[in-house]
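Here's the structure we're looking at; comments come further down.
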Amino acid sequence: MTDFASQEKTTPNNVVHLNDTNTHQGYYTALSRSAIAAGTLILQGFDTSIISDKKCSGALRQEFRDLEMLDNITVTIVGDTRRSLIHSFRKHKSDSYIPHHVH
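Numbering of the sequence shown is given in our numbering, commencing with residue 1 and proceeding in unit increments.
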């Protein structure tokens, strides 16, 4: 299934072909149709640089940083929104704290 054909379709078994997909949004669209990771089959190789920091926009890199930060937040940090949680956590750790998975 291509990224275009997969829009608005979730399936337990998802066979994807990423060779003709050239944006991280296209990869997301095709791969997010999988109900579970175990049901995903990627045909052929694909260009990993599309989903690496090399071709990601600044907004997407910030999204990845925020997700890594949220993964590190403990239950002792209190906040009602994603922004307030990250702000509280950074105050707790330090403003210069960067999760080890972030480059």
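Backbone N, C-alpha and C define an ideal beta-carbon position, used for all residues, glycine too.
Since the structure is predicted, the reported quantities are computational estimates derived from the model, not experimental observations.
Output needed for N72: all residues of its chain with C-beta closer than 6 Å, excluding positions within five of it in sequence on either side, in chain order.
Same-chain partners within the cutoff: P99.
According to DSSP, simplified to helix, strand and coil, what is T10?
In this structure, T10 counts as coil in the three-state DSSP scheme.
So, with DSSP's three-state summary, where would you put T40?
The DSSP-derived three-state label of T40 is strand.
Closest residue to L82 among R33, E68, D20 (Cα-Cα distance):
First, the residue type needs correcting, since residue 82 is Arg and not Leu in the sequence shown. Of the listed residues, the one whose Cα sits closest to R82 is E68.
Take I50 as the anchor and find which of I36, N19, R33 has the nearest alpha-carbon.
Considering only alpha carbons, the answer is N19.
What do you reckon, are the CB atoms on V16 and A30 nearer than 9 Å?
Yes. Within cutoff.
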